[in-house]
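Peer 1:
In the numbering used here, the protein residues as written are 20 to 99.
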């Protein structure tokens with residue numbers, strides 16, 4: 020296996036792990052957030068960046084084409 024093949028393999032595995040960590044993060048963090056919210060407890064203990072961080076992992080776990088499409092979609096939504 021050449022050096023470039025190893026680098027591509029490592030990039031593919033890293034992106035897949037980022038995607039898995041992001042999805043699990045959304046499930047766990049948002050599950051806890053909504054649990055606290057619906058039980059009437061304070062959600063002040065969860066900083067705003069905890070709610071944003073799994074989405075960042077998901078974004079960087081996508082392919083470059085998917086990332087570009089996400090940016091275009093986001094710009095389109097913001098301009099409305």
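No residue lacks a Cβ here, since even glycine has one placed at the ideal position from N, Cα and C.
By the three-class DSSP mapping on this structure, what secondary structure does residue 72 have?
Peer 2: Counted from its first residue, the chain shown places residue 72 at position 53. Three-state result, residue 72: helix.
Peer 1: Whose CA, out of 35, 51, 72 and 43, lies closest to the CA of residue 64?
Peer 2: For the purposes of this step, residue 64 is identified with residue 45 of the chain shown, where counting begins at 1. The shortest C-alpha separation from residue 64 is found at 51.
Peer 1: Take residue 37 and list the residues in its own chain whose beta-carbon comes closer than 8 Å to its own, dropping the five residues that flank it on each side.
Peer 2: In the chain shown, residue 37 corresponds to position 18, counting from 1. Counting only Cβ-Cβ distances below 8 Å, and skipping sequence neighbours, we find 76, 77, 79 and 80.
Peer 1: Measuring straight from C-alpha to C-alpha, what distance separates residue 69 and residue 24?
Peer 2: Counting from one through the chain shown, the residue named residue 69 turns up at place 50. Counting from one through the chain shown, the residue named residue 24 turns up at place 5. So the alpha carbons of these two residues sit roughly 35 Å apart.
Peer 1: Who are the Cβ neighbours of residue 56 in its own chain at under 6 Å, not counting the five residues just before and after it?
Peer 2: What you label residue 56 is simply residue 37 of the chain shown in a count that begins at 1. Closer than 6 Å at the Cβ level, and outside the excluded window around residue 56, lie 62.
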